[in-house]
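A.B. asks: Got a structure for you, written out below as structure tokens; questions coming shortly.
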Amino acid sequence: MPREPTPDDFRLFGTYQPALGWIADPTGYIYWYNQAWYTYTGTTPEQMEGWGWQSVHDPDVLHAVIEKWINSIATGQPFEMVFPLKGADGLFRPFLTRVIPRHDADGTLTHWLGNNTEVTQLVEFEQSRLLLVRELHHRIKNIFTALHGLISFTARQATSPQEMASVLIGRLTAKAKAQELIRPKVGQTADVLETPTTLGELLKVVVQNQASIDSRRVTLDGPSVPISPGATEALALIFFELTTNSSKYGALSNETGTIQISWSVDGEALAVSWTETNGPAISGQPGQNGFGSQLVELFMRTLGGSMTTERATEGFRLRLSLPLSQISPWLVAA
Numbered sequence: 027m028p029r030e031p032t033p034d035d036f037r038l039f040g041t042y043q044p045a046l047g048w049i050a051d052p053t054g055y056i057y058w059y060n061q062a063w064y065t066y067t068g069t070t071p072e073q074m075e076g077w078g079w080q081s082v083h084d085p086d087v088l089h090a091v092i093e094k095w096i097n098s099i100a101t102g103q104p105f106e107m108v109f110p111l112k113g114a115d116g117l118f119r120p121f122l123t124r125v126i127p128r129h130d131a132d133g134t135l136t137h138w139l140g141n142n143t144e145v146t147q148l149v150e151f152e153q154s155r156l157l158l159v160r161e162l163h164h165r166i167k168n169i170f171t172a173l174h175g176l177i178s179f180t181a182r183q184a185t186s187p188q189e190m191a192s193v194l195i196g197r198l199t200a201k202a203k204a205q206e207l208i209r210p211k212v213g214q215t216a217d218v219l220e221t222p223t224t225l226g227e228l229l230k231v232v233v234q235n236q237a238s239i240d241s242r243r244v245t246l247d248g249p250s251v252p253i254s255p256g257a258t259e260a261l262a263l264i265f266f267e268l269t270t271n272s273s274k275y276g277a278l279s280n281e282t283g284t285i286q287i288s289w290s291v292d293g294e295a296l297a298v299s300w301t302e303t304n305g306p307a308i309s310g311q312p313g314q315n316g317f318g319s320q321l322v323e324l325f326m327r328t329l330g331g332s333m334t335t336e337r338a339t340e341g342f343r344l345r346l347s348l349p350l351s352q353i354s355p356w357l358v359a360a
């Protein structure tokens, strides 16, 4: 049979438990601390006796702690609060402090038992959770704003409900693909993002991998250029529009046409070239048949970029110039 713990066992437990522990008399005067308290704070019994514990509290929070502690002493109610305590290394760390009153057989309060448990990880987790919630609220708001704009823009251009539905589904699909590319990075900021989406990855998903397009008809050529999450969504819609226009009127509307997309970093700008060949003969001025569409121009202005178009005999050509500060802040920082 296990033996019952002795008073010495309880004394050892209180002295060497990992949490910081202490005992105060009914007036709040602390007369005993366990070893963990002295190890963490780097103080001595002489320094801590009575109300000496104030020296290891954050001055900005100390007044609130004293006020709450005095109220518990006056009312006999338990004390609970999270506040920072300074360690022997001079750093403040958050502790959950609970103090309970103890009474004798007559109900008279005889002493207070205090316990301080470090909760740094819990506090950091809560801060991360709140940051994530704010980020999600922000993203959801932006998504609804973008959806409202896409729906309104598509409605103004569509000539029939069927066309509106088809075009809108395509645009939303492109936006969803962009979201999939940046989804693992939610909650990270541009300066700490370790594996951002590259332009090549974006073009492969939005242009080259379209179900109705033979990937061999679209060639990609350019260096690895990381793209920020915000720019990824805008670029996805730009290249979706260009691909859609090409499927309707350009190189991808027949069986032989091809598209070559190349890009390079030119100073503080990203230069992108879209060249179509072997497509149907084209005529008219730039901007007709969907080339250089208003939506492409709108998102180019959003990104602070510029574009030029050329409808040569051999096919449609497009040149984009995008500021790296908007597209790829990592390259600017480098």
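Here the sequence shown is numbered in the numbering used here, starting from 27 and rising by one per residue. C-beta: ideal position from N, C-alpha, C; glycine also.
Cβ atoms of threonine 303 and threonine 284: under 7 Å apart, would you say?
C.D. replies: Counted from its first residue, the sequence shown places residue 284 at position 258. Counted from its first residue, the sequence shown places residue 303 at position 277. Yes, the Cβ-Cβ distance between threonine 284 and threonine 303 is below 7 Å.
A.B. asks: Under DSSP, the alpha helix (DSSP H) around glutamine 73 begins and ends at which residues?
C.D. replies: Along the sequence shown, read from residue 1 onward, the residue named residue 73 stands at position 47. 71 to 74 is the extent of the alpha helix (DSSP H) around glutamine 73.
A.B. asks: What does DSSP give as the partner residue(s) for proline 47 in the beta ladder?
C.D. replies: Taking the first residue of the sequence shown as position 1, residue 47 is located at position 21. Before going further, note that residue 47 is glycine rather than proline in the sequence given. DSSP lists Asn141 as partners of glycine 47.
A.B. asks: Please say whether valine 149 and proline 127 have beta carbons closer to each other than 7 Å?
C.D. replies: For the purposes of this step, residue 127 is taken as the residue at position 101 of the sequence shown. For the purposes of this step, residue 149 is taken as the residue at position 123 of the sequence shown. No. Outside cutoff.
A.B. asks: Rank Thr301, Glu93, Leu261, Ile264 by C-alpha distance to the C-alpha of phenylalanine 105 and give the top, closest one.
C.D. replies: Here residue 105 refers to the residue found at position 79 of the sequence shown. It is Glu93.
A.B. asks: Would you check if there are 3 or more beta carbon pairs closer than 8 Å linking the stretch 45 to 56 to the stretch 131 to 150?
C.D. replies: With the cut-off at 8 Å, the stretch 45 to 56 and the stretch 131 to 150 touch.
A.B. asks: Would you mind sorting threonine 362 into buried or exposed? The rule is 16 or more other CB atoms within 10 Å of its CB.
C.D. replies: With the chain represented from 27 up to 360, any question about residue 362 goes unanswered, as that position is not in the structure.
A.B. asks: Going by beta-carbon coordinates alone, are leucine 296 and isoleucine 253 separated by less than 7 Å?
C.D. replies: Sequence index remark: in the sequence shown, residue 296 carries index 270 (1-based). Sequence index remark: in the sequence shown, residue 253 carries index 227 (1-based). No.
A.B. asks: Just the Cα atoms here: how many angstroms apart are valine 82 and arginine 160?
C.D. replies: Your numbering for residue 82 matches position 56 in the sequence shown. Your numbering for residue 160 matches position 134 in the sequence shown. Between valine 82 and arginine 160, the C-alpha separation is close to 33 Å.
A.B. asks: If we require 3 or more residues per run, which beta strand (DSSP E) segments fall completely within the stretch 279 to 312?
C.D. replies: Those beta strand (DSSP E) runs which fall completely within the stretch 279 to 312 and span 3+ residues are 284 to 292, 295 to 303.
A.B. asks: Going along the chain, which residues of its own chain have a beta-carbon closer than 7 Å to the beta-carbon of asparagine 280, five neighbours each way excluded?
C.D. replies: Residue mapping note: residue 280 aligns to position 254 of the sequence shown, counting from 1. So the list reads Gly305, Pro306, once near-sequence residues are dropped.
A.B. asks: For tyrosine 66, name the three-state secondary structure that DSSP assigns.
C.D. replies: For the purposes of this step, residue 66 is identified with residue 40 of the sequence shown, where counting begins at 1. Tyrosine 66: helix per DSSP, three-state reduction.
A.B. asks: Report yes or no: do three or more beta-carbon pairs, one from the stretch 262 to 281 and one from the stretch 342 to 351, lie closer than 8 Å?
C.D. replies: Judged by Cβ distances under 8 Å, the stretch 262 to 281 makes contact with the stretch 342 to 351, as three or more pairs qualify.
A.B. asks: Based on DSSP bridge pairs, tell me the residues matched to threonine 245.
C.D. replies: Here residue 245 refers to the residue found at position 219 of the sequence shown. DSSP lists Gln286 as partners of threonine 245.
A.B. asks: Compute the distance between the beta-carbons of isoleucine 49 and tryptophan 63, then report whether it is under 7 Å.
C.D. replies: Translated into the one-based positions of the sequence shown, residue 49 becomes position 23. Translated into the one-based positions of the sequence shown, residue 63 becomes position 37. No. Outside cutoff.
A.B. asks: Please tell me whether leucine 321 and leucine 348 are closer than 7 Å, where the distance is taken between their beta carbons.
C.D. replies: As a working mapping, residue 321 is identified with position 295 in the sequence shown. As a working mapping, residue 348 is identified with position 322 in the sequence shown. Taking 7 Å as the Cβ cut-off, leucine 321 and leucine 348 do not qualify as a contacting pair.
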